[in-house]
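Report on the following structure.
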Amino acid sequence: MNVLGRPLQSCSTDPMTGWTRNGCCETGANDRGVHTVCAEVTEEFLTFSKSVGNDLSTPRPEFNFPGLKPGDRWCLCAPRWEEARIAGFAPLVVLEACHMGTLEHTALGHLQAHAVE
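All letters in the sequence shown, in the order written, are residues 1 to 117 by full-length UniProt numbering.
Structure below.
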């Protein structure tokens, strides 16, 4: 289910995202990062994420990771999204594709304030 209480929608298949790499921001017991926020990344967010130790823009072919560019949709870790929100760098989110587990890390109102139109 998504944060709106409806069936979870796909976030992205190009690039392929998700903890299980199925395009959805699903989570599970082994997902310590809680990759539940479907975000549309921005240059500002990518710079912020890199500055706090998570470089999402550099390709990592050994992990089949293309590197993200502004406008890509990606399943972000909920705590990182909340950290970016507090710092003023939160990217927009696709509410229908954000897993309900996100609400353990941020309020629905915060997500709604950053929702893709």
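Ideal Cβ placement from N, Cα and C applies to all residues, glycine included.
The beta carbon of Glu62 sits closer than 6 Å to no other beta carbon from its chain once the five residues preceding and following it are set aside. Boundaries around Leu111 are those of the alpha helix (DSSP H), 108-113, since no beta strand (DSSP E) includes it. Excluding five sequence positions before and after Asn2, the CB atoms of its chain that fall closer than 8 Å to its own CB belong to Leu8, Gln9, Leu95, Glu96, Ala97, Cys98, His99, Met100, given in chain order. Of the candidates Glu40, Ala107, Leu56, the residue whose Cα lies closest to the Cα of Leu46 is Leu56. For a cut-off of 8 Å, the C-beta gap from Thr102 to Arg85 is around 12 Å, too long to register as a contact. In this structure, DSSP gives Thr20 a state outside helix and strand, which the three-state scheme calls coil.
By the neighbour-count definition (other C-beta atoms within 10 Å, threshold 16), Arg73 is a buried residue. Look at Leu95 here: in three-state DSSP terms it is helix.
Gly18 and Arg6 have their alpha carbons spaced roughly 18 Å apart.
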